[in-house]
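Asks: The following block contains the structure, expressed as structure tokens.
There are 2 protein chains.
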Amino acid sequence: MTGMGERARKAASVLAQAPTEQKNKALQLAADSLRANKSRLLAANTKDIIYGEEKSLTDAMIDRLKLDDARIEAIAASLEEIIKLDDPVGDIMAQWDQPSGLNISRVRVPLGVIGVIYESRPNVTADAGALCLKAGNAVILRGGSESFHSSTLIHECLVEGLEGAGLPADSIQLVPTRDRCAVGMMLKMTGVIDIIVPRGGRSLVERVQNESRVPVFAHLEGICHVYVDADADIEKAKDVALNAKMRRTGICGAMETLLIDRKIADRAAEIIEPIAALGCEIRGDETIAALDASYKLATDEDWDTEYLEPILSVKLVDGVADAIGHISVHSSGHTESIVTENSEAAEKFLKCVDSAIVMHNASTQFADGGEFGMGAEIGIATGRIHARGPVGLEQLTSFKYQVRGTGQTRP
Amino acid sequence: MTGMGERARKAASVLAQAPTEQKNKALQLAADSLRANKSRLLAANTKDIIYGEEKSLTDAMIDRLKLDDARIEAIAASLEEIIKLDDPVGDIMAQWDQPSGLNISRVRVPLGVIGVIYESRPNVTADAGALCLKAGNAVILRGGSESFHSSTLIHECLVEGLEGAGLPADSIQLVPTRDRCAVGMMLKMTGVIDIIVPRGGRSLVERVQNESRVPVFAHLEGICHVYVDADADIEKAKDVALNAKMRRTGICGAMETLLIDRKIADRAAEIIEPIAALGCEIRGDETIAALDASYKLATDEDWDTEYLEPILSVKLVDGVADAIGHISVHSSGHTESIVTENSEAAEKFLKCVDSAIVMHNASTQFADGGEFGMGAEIGIATGRIHARGPVGLEQLTSFKYQVRGTGQTRP
Chain U
1 MTGMGERARK AASVLAQAPT EQKNKALQLA ADSLRANKSR LLAANTKDII
51 YGEEKSLTDA MIDRLKLDDA RIEAIAASLE EIIKLDDPVG DIMAQWDQPS
101 GLNISRVRVP LGVIGVIYES RPNVTADAGA LCLKAGNAVI LRGGSESFHS
151 STLIHECLVE GLEGAGLPAD SIQLVPTRDR CAVGMMLKMT GVIDIIVPRG
201 GRSLVERVQN ESRVPVFAHL EGICHVYVDA DADIEKAKDV ALNAKMRRTG
251 ICGAMETLLI DRKIADRAAE IIEPIAALGC EIRGDETIAA LDASYKLATD
301 EDWDTEYLEP ILSVKLVDGV ADAIGHISVH SSGHTESIVT ENSEAAEKFL
351 KCVDSAIVMH NASTQFADGG EFGMGAEIGI ATGRIHARGP VGLEQLTSFK
401 YQVRGTGQTR P
Chain V
412 MTGMGERARK AASVLAQAPT EQKNKALQLA ADSLRANKSR LLAANTKDII
462 YGEEKSLTDA MIDRLKLDDA RIEAIAASLE EIIKLDDPVG DIMAQWDQPS
512 GLNISRVRVP LGVIGVIYES RPNVTADAGA LCLKAGNAVI LRGGSESFHS
562 STLIHECLVE GLEGAGLPAD SIQLVPTRDR CAVGMMLKMT GVIDIIVPRG
612 GRSLVERVQN ESRVPVFAHL EGICHVYVDA DADIEKAKDV ALNAKMRRTG
662 ICGAMETLLI DRKIADRAAE IIEPIAALGC EIRGDETIAA LDASYKLATD
712 EDWDTEYLEP ILSVKLVDGV ADAIGHISVH SSGHTESIVT ENSEAAEKFL
762 KCVDSAIVMH NASTQFADGG EFGMGAEIGI ATGRIHARGP VGLEQLTSFK
812 YQVRGTGQTR P
């Protein structure tokens, strides 16, 4: 790992100066190589599937692992999407003159070396590698042992792209081992790795957050709330709540708890029924649980649970202040939304809720770099340092100050 | 410490919503209180001085510790300077519309809880406390044991200001012990303290950087370089080099190594002599050391040494690329400057030198938040995450996304 770290830093210093066209060329050649190596990729993936079945992975995990023609094309196409994104490196973030006559500008530079630790999805190898590269960073990838053969071959295609574009092959390195120790070592590589990004389930993220000495961009969970205010347009509330819960239940931006103002308790059934009708289990407080025989009574634990499944906890609260209070205790700081036509209540919610993303009259499922216009994202961060919310190209950069003078000395 | 942490987080949630006027009122009342308690402050400081003399502190350390009428007035006045600074909280950093109809804004919010660990200067208690407060953060201060009595009384004045303005007294807490364990505990308070800022000598910063599990804003040292290019205006070079080294030799932005293009080796004496004439010891490479009998030959160690004293290492290099190469190996990433009339060389230097601050035709001693127009700073950071360069009010904030819709659901 030490050798990989040194090579990554060396590559990073080259990448920091690489022109956009060169980085894009590497990405295009990598996409071409992925398409050209489709049959080899499918063969490698078959080995992973067999290994996964031997290890008795769940069907869901096997599905995540699996590549087919369409998925390989999607991986190649997503590299081409990253080519289209603006290169943040060299952007002048701010520029001003000082009374001393000095002209000061704050200019984006790459972060340096990024470590990405992920689980079974082999496409992360390409996505994460490409995003880091486009922002001028070297990256050390540590994929899941299940996707070892697939990731190794995808990595080969990325390296073919780098070399074809005249960039260091070490710009994107893959830890060439299934050894779990590699993760522990990466987490201690301060001064070598600048940021660790874990991509995967709760146990992976938790381990990384607990053990890492390197700063981490991540979210542990997304316990997202929708609060329906007394002054809500009930049709909007029904649409937003249904979409926030049921569009996809397994993503971090899915609503897990629905809060409804007690003043409109008589409209609660209307809001909840369409969700239950799609097969979602409802776990409510006493009033809500009594609405329908199929509804269950929520336990204390429910208010702190990220289901990632068609289960929803529902609670009546006493207005926006009480909603904010519940969220401040139970939220994971990811995304919360208020539905109301009352702009005062909306602004209070937007100001006081301390989450990465706070919304008014919108589904929490919009919590996504693409929907924010940031292009591809490497994840969503709930920390407060450097990156918060979707982590896209800009969040994978740092900055420096360039100061231009005419011979100034300081009095 | 756990209790202090909990109280700080509670205070932080109140401070996050506190209006600018209320924070400013607390600062003004604290300044008033400092002036009103001048004689008590002097008495407390005398206790610290006696303790320091018993502990055989150096004269320089005793001087740093010492308060007098002028210094107390300066502390009060610096609080009033912070009142004048714009409050960054609530600033809209960016705002845009998405095709979905969602309006997205990125809004500044406080970081949360900041831990400041410092040594003997009692004024840091006031400065650091006030800066964190103005940016809406709660702060836990851990002052040096030498300034214990002075810091305790300054802290009392700050708390008087907070209470007078109706803000939580726990917004600014001082660790009420000389126990060194407190530092170790603070460094492990992830999830409670968001950022640690060490203020002090190398050994303190090194300990904090090595042990902290909480992200750190700091610089370990400032090995700053000035490179005089072949195309430099020699008069400018003389002025900039003299100022960069000798204006104040003990600050982190002071030049420690002077690089001169070998093509103008015949002008080196002219540039160095005025510096030596002010009593600066010159340690040069073979050519430079031979210029004057009083000059010494530099050892390998000199190129990696932050003297913070009137000592300067001087080396001839082969043009701007070689200068950049030397800096990339020996710099601490703080501040470097090129003196040249050649704009191509200047831009190459500004682009390729990977330091927090890179300058053209200006003294490295301008590396300062005030000179950058950022107002007071809590320090200068050489890390690449979140803050880099001067750490002022803006760098003590985070942000969140506010999303305003009209009932949008995600397709």
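If you're matching them up, the sequences are chains U and V in order. Its first residue numbered 1, the first sequence is counted upward by one per residue in our numbering. Its first residue numbered 412, the second sequence is counted upward by one per residue in our numbering. Idealized CB from N, CA, C, for every residue including glycine.
To be precise: take each residue of the stretch 771 to 786 of chain V, compare its Cβ to all Cβ atoms of chain U, and keep it if any distance is under 7 Å. Which residues remain?
Replies: Correct list: 771, 772, 773, 774, 776, 777, 782, 783, 784.
Asks: Which same chain residues, not among the five before or five after residue 65 of chain U, have their C-beta less than 8 Å away from its C-beta?
Replies: One-based indexing of the first sequence puts residue 65 of chain U at position 65. Cβ within range, chain order: 45, 48, 49, 52, 57, 120, 121, 122, 146, 147, 150.
Asks: The beta strand (DSSP E) that contains residue 436 of chain V, what's its start and end?
Replies: By 1-based counting over the second sequence, the position of residue 436 of chain V is 25. Not the beta strand (DSSP E): residue 436 of chain V falls in the alpha helix (DSSP H), residues 431 to 447.
Asks: From which residue to which residue does the beta strand (DSSP E) around residue 405 of chain U run?
Replies: Against the first sequence, residue 405 of chain U aligns to sequence position 405. Run containing residue 405 of chain U: 397 to 408, per the beta strand (DSSP E) assignment.
Asks: Quick one, which residues of the stretch 106 to 135 of chain U are near chain V if we go by CB-CB under 8 Å, in chain order?
Replies: Going along the stretch 106 to 135 of chain U in chain order, one finds 109, 111, 112 with a Cβ nearer than 8 Å to chain V.
Asks: Tell me whether the stretch 503 to 513 of chain V and the stretch 563 to 573 of chain V touch, counting them as touching only if at least three CB pairs, one residue from each stretch, are closer than 8 Å.
Replies: Contact between the stretch 503 to 513 of chain V and the stretch 563 to 573 of chain V is absent, because fewer than three Cβ pairs lie under 8 Å.
Asks: Report the residues of the stretch 93 to 106 of chain U with a CB closer than 7 Å to any CB of chain V, ordered along the chain.
Replies: Correct list: 96, 98, 100, 102, 104.
Asks: Please list the residues of the stretch 379 to 405 of chain U that have a C-beta atom closer than 7 Å to any C-beta atom in chain V, keeping them in chain order.
Replies: Going along the stretch 379 to 405 of chain U in chain order, one finds 384, 385, 386, 388, 389, 398, 399, 400, 401, 402, 403, 404, 405 with a Cβ nearer than 7 Å to chain V.
Asks: For residue 694 of chain V, report the span of its beta strand (DSSP E) as first-last.
Replies: Here residue 694 of chain V refers to the residue found at position 283 when the second sequence is read from its first residue. Here the beta strand (DSSP E) through residue 694 of chain V covers 692 to 695.
Asks: With burial defined as no fewer than 16 other Cβ atoms inside 10 Å of the residue's Cβ, what is the status of residue 243 of chain U: buried or exposed?
Replies: What you label residue 243 of chain U is simply residue 243 of the first sequence in a count that begins at 1. Buried, since its Cβ has 16 or more Cβ neighbours within 10 Å.
Asks: Closest to residue 359 of chain U by CA distance: which of V:818, V:543, V:449 is it?
Replies: The count along the first sequence starts at 1 and reaches residue 359 of chain U at position 359. The shortest Cα separation from residue 359 of chain U among V:818, V:543, V:449 belongs to V:818.
Asks: Would you please verify whether the beta carbon of residue 679 of chain V is less than 8 Å from any beta carbon of chain U?
Replies: For the purposes of this step, residue 679 of chain V is taken as residue 268 along the second sequence, with counting starting at 1. It does not: the Cβ of residue 679 of chain V has no partner Cβ on chain U nearer than 8 Å.
Asks: Cβ of residue 766 of chain V less than 8 Å from any chain U Cβ?
Replies: Stepping through the second sequence from its first residue, residue 766 of chain V is reached at position 355. Chain U, which has a Cβ nearer than 8 Å to the Cβ of residue 766 of chain V, makes this yes.
Asks: Just verifying my parser: in three-state terms, what is the DSSP assignment at residue 115 of chain U?
Replies: On the first sequence, position 115 is the one that residue 115 of chain U refers to. Of the three classes helix, strand and coil, the one that applies to residue 115 of chain U here is strand, per DSSP.
Asks: Using the beta-carbon of each residue, which ones in chain B are nearer than 8 Å to residue 626 of chain V?
Replies: Note that chain B does not occur in the displayed structure, where the protein chains are U and V.
Asks: I need the straight-line Cα distance from residue 241 of chain U to residue 117 of chain U, nearest angstrom please.
Replies: Residue 241 of chain U sits at position 241 when you count from the first residue of the first sequence. Residue 117 of chain U sits at position 117 when you count from the first residue of the first sequence. Using only the alpha carbons, I get a separation of about 33 Å.
Asks: Any contact between the stretch 620 to 631 of chain V and the stretch 786 to 794 of chain V? By contact I mean 3 or more CB pairs, one from each, below 8 Å.
Replies: With a cut-off of 8 Å, the stretch 786 to 794 of chain V and the stretch 620 to 631 of chain V count as touching, because enough Cβ pairs lie within range.
Asks: Starting from residue 763 of chain V, find everything on chain U with Cβ-Cβ shorter than 7 Å and list it in chain order.
Replies: The sequence position of residue 763 of chain V within the second sequence is 352, counting from 1. Correct list: 17.
Asks: Output the boundary residues of the alpha helix (DSSP H) element that contains residue 662 of chain V.
Replies: Working through the second sequence from its first residue, we reach residue 662 of chain V at position 251. Residue 662 of chain V -> no alpha helix (DSSP H), and no H or E assigned at all.
Asks: Under 8 Å Cβ-Cβ, which residues of chain U neighbour residue 606 of chain V?
Replies: In the second sequence, residue 606 of chain V corresponds to position 195, counting from 1. The answer, in chain order, is 385.
Asks: Taking all protein chains shown into account, do 16 or more other C-beta atoms lie within 10 angstroms of the C-beta of residue 720 of chain V, making it buried, or fewer, making it exposed?
Replies: Taking the first residue of the second sequence as 1, we reach residue 720 of chain V at position 309. Under this definition residue 720 of chain V is an exposed residue.
Asks: Just by C-beta distance, which residues in the stretch 222 to 246 of chain U are closer than 9 Å to chain V?
Replies: Against chain V - using a Cβ distance shorter than 9 Å - the residues of the stretch 222 to 246 of chain U are 233, 235, 236, 237, 239, 240, 242, 243, 244.
Asks: Any idea what DSSP makes of residue 415 of chain V, helix, strand or coil?
Replies: Reading the second sequence from its first residue, position 4 is the one you call residue 415 of chain V. It is helical.
Asks: Contact between the stretch 221 to 228 of chain U and the stretch 257 to 277 of chain U is defined here as three or more beta-carbon pairs at a separation below 8 Å; is this criterion met?
Replies: With the cut-off at 8 Å, the stretch 221 to 228 of chain U and the stretch 257 to 277 of chain U touch.
Asks: Return the first residue and the last residue of the beta strand (DSSP E) that residue 66 of chain U is part of.
Replies: Within the first sequence, numbered from 1, the residue matching residue 66 of chain U stands at position 66. Premise fails: residue 66 of chain U is in no beta strand (DSSP E) and is neither H nor E.
Asks: Less than 8 Å separating the beta-carbons of residue 334 of chain U and residue 280 of chain U?
Replies: Indexing the first sequence from 1 puts residue 334 of chain U at position 334. Indexing the first sequence from 1 puts residue 280 of chain U at position 280. Against a cut-off of 8 Å, the Cβ pair of residue 280 of chain U and residue 334 of chain U comes out as no contact.
Asks: Leaving out five residues on either side along the sequence, give the residues of the same chain with a beta carbon under 8 Å from the beta carbon of residue 649 of chain V.
Replies: Mapped onto the second sequence, residue 649 of chain V falls at position 238. For residue 649 of chain V, where only same-chain residues beyond five positions count, the Cβ hits under 8 Å are 681, 682, 685.
Asks: Find the nearest neighbour of residue 437 of chain V within the set V:540, V:450, V:483, judged by alpha-carbon distance.
Replies: Taking the second sequence and counting its residues from 1, the one referred to as residue 437 of chain V is at position 26. When only C-alpha atoms are compared, the closest one is V:540.
Asks: Verify the CB distance criterion: does residue 325 of chain U have a CB-CB separation below 8 Å to chain V?
Replies: In the first sequence, counting from the first residue as 1, residue 325 of chain U sits at position 325. It does not: the Cβ of residue 325 of chain U has no partner Cβ on chain V nearer than 8 Å.
Asks: DSSP three-state call for residue 261 of chain U: helix, strand or coil?
Replies: Residue 261 of chain U sits at position 261 when you count from the first residue of the first sequence. In this structure, residue 261 of chain U counts as strand in the three-state DSSP scheme.
Asks: Would residue 410 of chain U count as contacting chain V if we go by Cβ distances under 8 Å?
Replies: Counting from 1 along the first sequence, the entry for residue 410 of chain U is found at position 410. So yes, residue 410 of chain U belongs to the interface.
Asks: Give me the Cα-Cα distance between residue 389 of chain U and residue 811 of chain V, rounded to the nearest whole angstrom.
Replies: Along the first sequence, read from residue 1 onward, the residue named residue 389 of chain U stands at position 389. Along the second sequence, read from residue 1 onward, the residue named residue 811 of chain V stands at position 400. One C-alpha to the other measures close to 7 Å.
Asks: Pair every Cβ in the stretch 572 to 582 of chain V with every Cβ in the stretch 424 to 441 of chain V, then say whether three or more of these pairs are closer than 8 Å.
Replies: Verdict: yes, contact present.
Asks: Taking 8 Å as the CB-CB limit, is residue 595 of chain V close to chain U?
Replies: The count along the second sequence starts at 1 and reaches residue 595 of chain V at position 184. So no, residue 595 of chain V is outside the interface.
Asks: Run through DSSP, which three-state label would residue 133 of chain U get?
Replies: What you label residue 133 of chain U is simply residue 133 of the first sequence in a count that begins at 1. It is helical.
Asks: Should the stretch 543 to 554 of chain V be regarded as contacting the stretch 580 to 599 of chain V, the criterion being three or more beta carbon pairs within less than 8 Å?
Replies: Touching, yes, given that three or more Cβ pairs across the two stretches are closer than 8 Å.
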